[in-house]
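Number of protein chains: 2
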Amino acid sequence: MTQAPFFSTMMHAPMTVAMIARHGMRIHSRSRVITCRPGGDEVATFAEVYQGAARLAQALGRLGVGVGDRVATLCWNHRWHLEAYLAVPSMGAVLHTLNLRLHPEQLAYVIRHAEDRVLIVDAELLSLLAPVAEALAGVEHLVVVGGDGEVPALGAATHRYEALLAGEQPVFPEVALAETWGAAMCYTTGTTGHPKGVVYSHKTIFVHTLASMARDTFGIGQDDRILLLPPMFHANAWGLPYTAWFAGADLILPGPHLKATDIRGLVERYRPTFTAMVPTLINDLLALHRESPLDLSSLRVIVSGGSAVAPALIERVRDTWGVPVLQGWGMTETSPLCALSVPPRDATPEEEIHWRSLAGRPVPGMQVRIADEADLPLPEDGRTVGQLQLRGPWVTGGYYRHEGESPLTADGWLRTGDLGTIDERGYVRIVDRLKDVIKSGGEWISSVDLEAALLRLPGVAEAAVIAVPDPRWEERPLAVVRLEDPSATPDIPAWREALRKQVASFWVPEYWAVVDDLPKTSVGKVDKKALRAMRDSGRLPIAEVRNRRDADAPARR
Amino acid sequence: MTQAPFFSTMMHAPMTVAMIARHGMRIHSRSRVITCRPGGDEVATFAEVYQGAARLAQALGRLGVGVGDRVATLCWNHRWHLEAYLAVPSMGAVLHTLNLRLHPEQLAYVIRHAEDRVLIVDAELLSLLAPVAEALAGVEHLVVVGGDGEVPALGAATHRYEALLAGEQPVFPEVALAETWGAAMCYTTGTTGHPKGVVYSHKTIFVHTLASMARDTFGIGQDDRILLLPPMFHANAWGLPYTAWFAGADLILPGPHLKATDIRGLVERYRPTFTAMVPTLINDLLALHRESPLDLSSLRVIVSGGSAVAPALIERVRDTWGVPVLQGWGMTETSPLCALSVPPRDATPEEEIHWRSLAGRPVPGMQVRIADEADLPLPEDGRTVGQLQLRGPWVTGGYYRHEGESPLTADGWLRTGDLGTIDERGYVRIVDRLKDVIKSGGEWISSVDLEAALLRLPGVAEAAVIAVPDPRWEERPLAVVRLEDPSATPDIPAWREALRKQVASFWVPEYWAVVDDLPKTSVGKVDKKALRAMRDSGRLPIAEVRNRRDADAPARR
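Chains A and B supply the protein sequences, listed in that same order.
In this text, residue positions in the first sequence follow the numbering used here: the first is 1, and each later residue adds one.
In this text, residue positions in the second sequence follow the numbering used here: the first is 558, and each later residue adds one.
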């Protein structure tokens, strides 16, 4: 027989961000973008935002921005950031979202590394640029959003956003885009070495956006009102700006107002149906609710991710507000949606928390496997632990201008650096970051699982587990906890007894540190690198607590 | 600045039917495929169907089927047809679904034109092959599903489906697929000339499937149970076999049992949540309900398409069962999902029927415009009528081995042959098929709209409008109607009075024919070509009815 490919008759209509932009404007022109501002919220329709985006594209074109040029943003979540999300890729340029929580030297590095030509920056964030003025040598234009104070001289030509757009026609310039072109780029906030750049193409953003609209993923529809708390400078805020726009959902953008009390105001004013936040913020909202009741009943779901969500927290949210927590597993390298903890359809109410506390099952289009150190696939039996590896249409295959080792296996799967299991129904459980797992007496202790157990102890508000060197067992876990009531005195022996009922006895820590605050990374995760530095420099108040019976053999099961 | 494309870092993970197949098996292994059979329904899990598909792929490989080979099916909707949907594209071959309602000469034409090498056929449909035995010369293998009678000698080697698969391993052969390869093909049932072949690629099926899962399109999820009435041999049954599989929804497959009474049984046994059917069948179900109550309350929606759904029918379904009708506009050339009549989010209950009776708004990814005879875009004001033209990732750009005129405009849009309007919110209204519209006194009369008005008349069960030549007005409409009660005597003058309240007076027909039956095409639409032939050969009982006041000027408004 023929044994030769047989090609389709389908047209080559590229899948682009411009199509997303036009669809939202055309079909959902009356949907709203609400930006929280101290003087009163700014409410714009999709039609108005699209016009703003078109004017921005015209203005950038006038400044000389063309196909392939990088336009950076250093902005909070607001309407004008969204205009850049739509305008920059639609004109064939590349949107580079700068993480405003990067250390100045990292910020300087990524601006230089991406060769950003234009930088759109919030007036209140200009101060972040002063220390990196040298890195701005290649930036030709600085566009300042908001504010009316003096703009410090930073080398580049400086423009006010509103003034720059004022004379422009609200019509997008016609550009014939290829779907393989870069549309947006993000740098990972790696804990070692320089940040690494991931460049999304038009096609991968388009397909990721469609996947996020599926009923059993985020299921975003025109009736949604999305409170967008994940920063638009981090992994495209779960891709939600594009998903909301394509689906016609309202976007509620908090600007820099991200404290629990700010969120209370936004929830009361706009009754959002959907939001996403890191577990820390969920904890803050629960604390706020204890002070004065907070009504979150308008939410159909709270997506949480960034770090593992403890079952206790999922239970508390359900019991407090009746809202399900949907855990998302993803990363800058995966656009970022990879897996979601949607329970299977035959899950019983009793099993609900179990399923929701997993990293979840791959969303349609993503493939996940576990592999050993030679990258050979391991059994998916729910018990075997291996490194999680990924493949799919919106997964990166490498990093921009990166000379280090490829993140791909020889057979084309992305190594995630996460250790986990996959069960027979395809659900992923993250055991630990490869670099955070604790090796004790030849066995693994999952810092993630131990942290979840610690959070179930009475009085514990936050917990992190890192390793301490141990002459006998190689490593032992150190539990670092923050108390709900800072003035309380913890009964660690009682906690240890309680832990024994939850985890293998060799997991129960002898080393404890009670702290007032846990260091956080730029995206709100507990910063274990900082914690380890504190440990090494003696800045953690470590107590050693042993019960009589484990005097002999702490690490034996 | 650079003005050069900047490429993404994303991996090249092709989007394929094999990924859909694997995802459904892996994540939704317990979802069910139910096939209606006289002796008792056959229930299989996705895991079992996937194993069947893998065995089929192994067996076809053993018969010599390789990359690019066409494997045809001549089957009703059932488990084994679904196995072919999964197996054939996943092995790099091309699934060619034969429309069992084609005329024998068309069937012979498409088998030869596609160069089908293997033909999978239902035992009860073997009789369709006898008249086309000559066309089977290129078919090397005939695989017969079901039945146990003699198989007539048709030239090809003959196999029984079960026996062919019996010894095979339930493991898919590894094939490195490219997403641009053909995966499936369908021939349009064009009313003129030979049928024309559309070849879908892996990528277009994949993206179309994702789009069909979006909450505001079909919104298929794991909790759905889909009663699959649209034939799998026609435009991939709205793509629902793939959508259900990717989402983990149960599929209820009726086999050849498509009468209203069969559907009653399936609905009672399986309580489907989702179905799709042509308007004619909705009418049949309403008639059945009048005889003996039918409970369709398990349905969250009835998708209807194929021909325009009259507002009266949408109202009747809502009033009878409380189920919304979602009108779908699509065609073989568009995979087929193009637009859906989802009301906008701010629609009032009073407006609901208005929005649902439109062809709808383009689904995310589809672009629709109206153009004049020179293919120049026309205003989208809800009034201007033009030919509807399409662009999008799952729209065909031509036909397989077709030497006629390209269906694309010079700027790359597909001409649909439908006349319509687009309103300022992007909603499409189909005015008529270009070839069905009636030109009367220099004005257009929409056969579609006039048929909808006729269906509101008391006692009218079905209606079709075609043109009759008129010496004075060029063309006048002829109303062909079937009565609910065949023994009744219609009061046409009263109907004409009633019509005057619904449509412009020059639309009101003077020519009427009351018939016992309307001719239908292979996909259940009224066959206007056959009606015109009946008109021309004097086989329609045409009465001319004029009220006194229009004796002078029937076509003046």
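Even for Gly, the Cβ is constructed at its ideal location relative to N, Cα and C.
Predicted model, so just to flag it, every value in this text is computed and none were measured.
Discussion item. Just checking: is the beta-carbon of B:ALA1100 within a distance shorter than 8 Å of some beta-carbon in chain A?
Written reply: no
Practice prompt. Measure the alpha-carbon distance for B:VAL1017 versus B:ASP876 and round it to whole angstroms.
Written response: About 18 Å.
Worksheet item: Any contact of the stretch 1041-1048 of chain B with the stretch 997-1008 of chain B, i.e. 3+ C-beta pairs under 8 Å?
Response: Verdict: no, contact absent.
Fill in: Simplified DSSP state of B:GLN608, which is helix, strand or coil
helix
Practice prompt. Label B:THR654 either buried or exposed according to how many other C-beta atoms from any shown protein chain fall within 10 Å of its C-beta, with 16 as the threshold for buried.
Written response: buried
Fill in: Coil, strand or helix - B:ALA771 by DSSP
strand
Worksheet entry | Three-way DSSP call (helix, strand, coil) for A:PRO311 in this model | helix
Worksheet item: Which chain B residues sit within Cβ distance under 8 Å of A:ARG482?
Response: Near A:ARG482 there are no residues of chain B at all, since even the closest Cβ is about 38 Å away, more than 8 Å.
Worksheet entry | Rounded separation between B:LEU853 and B:VAL920 - CA only | 26 Å
Practice prompt. Using a cut-off of 9 Å between C-beta atoms, extract the partners of A:ALA211 located in chain B.
Written response: LEU767, MET770
Practice prompt. Tell me whether A:HIS208 is buried or exposed, calling it buried when 16 or more other Cβ atoms sit within 10 Å of its Cβ.
Written response: buried
Practice prompt. Examine chain B for any beta-carbon lying closer than 8 Å to the beta-carbon of A:MET11, and answer yes or no.
Written response: yes
Worksheet item: At which residues does the alpha helix (DSSP H) containing A:PRO83 begin and terminate?
Response: With the sequence shown as reference, residue 83 of chain A is identified as Glu, and Pro is not the correct amino acid for it. Residues 79-90.
Practice prompt. Under 6 Å Cβ to Cβ from B:LEU991, same chain only, skipping five residues before and after it: list those, please.
Written response: Counting only Cβ-Cβ distances below 6 Å, and skipping sequence neighbours, we find GLY974, LEU976.
Worksheet item: For B:ALA644, is the classification buried or exposed, using 16 other Cβ atoms within 10 angstroms of its Cβ as the cut-off for buried?
Response: buried
Discussion item. With a threshold of 8 Å between beta carbons, is B:ALA792 in contact with chain A?
Written reply: B:ALA792 does not count as touching chain A.
Item to complete: My understanding is that B:ARG594 touches B:GLY812, with C-beta atoms under 8 Å, so please give their C-beta distance in whole angstroms.
Response: 6 Å
Worksheet item: Taking just the CA atoms, how far does A:ASP491 sit from A:ARG546?
Response: 12 Å
Item to complete: Please work out which residues of its chain come closer than 6 Å, Cβ to Cβ, to A:ALA530, disregarding the five sequence neighbours upstream and downstream, and give them in chain order.
Response: Result list for A:ALA530: PRO519, in chain order.
Worksheet item: Where does B:PHE563 sit, in a helix, a strand or coil, going by DSSP?
Response: coil
Worksheet item: Based on the DSSP secondary-structure assignment, which residues constitute the bridge partners of B:ARG926?
Response: B:GLN946
Worksheet item: Applying a beta-carbon distance threshold of less than 8 Å, which residues of chain A neighbour B:PHE564?
Response: THR180, TRP181, GLY182, VAL199, SER201
Worksheet item: With which residues is A:LEU414 paired in a DSSP beta bridge?
Response: A:LEU390, A:LEU408
Worksheet item: What's the call for B:GLY776, buried or exposed, on a 16-neighbour Cβ count within 10 Å?
Response: buried
Practice prompt. Go to A:LYS435, then tell me how far its beta strand (DSSP E) extends in each direction, as first and last residue.
Written response: Where A:LYS435 is concerned, there is no enclosing beta strand (DSSP E), given that its DSSP letter is neither H nor E.
Discussion item. Using the three-state DSSP reduction, which class does B:MET568 fall into: helix, strand or coil?
Written reply: coil
Discussion item. Quick check: does the Cβ of B:PRO595 come within less than 7 Å of any heavy atom belonging to the ligand FMN?
Written reply: This structure does not include the ligand FMN; it has no bound ligands of any sort.
Worksheet item: A:VAL395 versus chain B: which residues are under 8 Å apart at the beta carbon?
Response: MET567, MET568, ALA570
Worksheet item: What first and last residue would you give for the beta strand (DSSP E) that runs through B:THR830?
Response: Neither: B:THR830 is in no beta strand (DSSP E) and is coded neither H nor E.
Discussion item. Looking at the secondary structure, which residues open and close the beta strand (DSSP E) in which B:GLN884 lies?
Written reply: 882-887
Item to complete: Counting only the same chain and skipping the five closest in sequence on each side, list residues whose C-beta sits under 6 Å from that of A:GLY147.
Response: ALA123
Discussion item. Which residues does DSSP list as the beta-bridge partners of B:TRP1069?
Written reply: B:ALA1036, B:ALA1100
Worksheet item: Are the Cβ atoms of B:GLY695 and B:ASP673 separated by less than 8 Å?
Response: Yes, these two residues count as a Cβ contact at 8 Å.
Worksheet item: Would the beta-carbon of A:TYR399 fall within 8 Å of that of B:MET567?
Response: Not in contact: A:TYR399 and B:MET567 (Cβ atoms no closer than 8 Å).
Discussion item. With H, G and I counted as helix, E and B as strand and the rest as coil, what does DSSP make of A:GLY255?
Written reply: If DSSP states are grouped into helix, strand and coil, A:GLY255 belongs with the strands.
Discussion item. Can you list, in chain order, the residues of its chain with a C-beta nearer than 6 Å to that of A:LEU358? Leave out the 5 residues immediately preceding and following it.
Written reply: SER341, TYR427, ARG429
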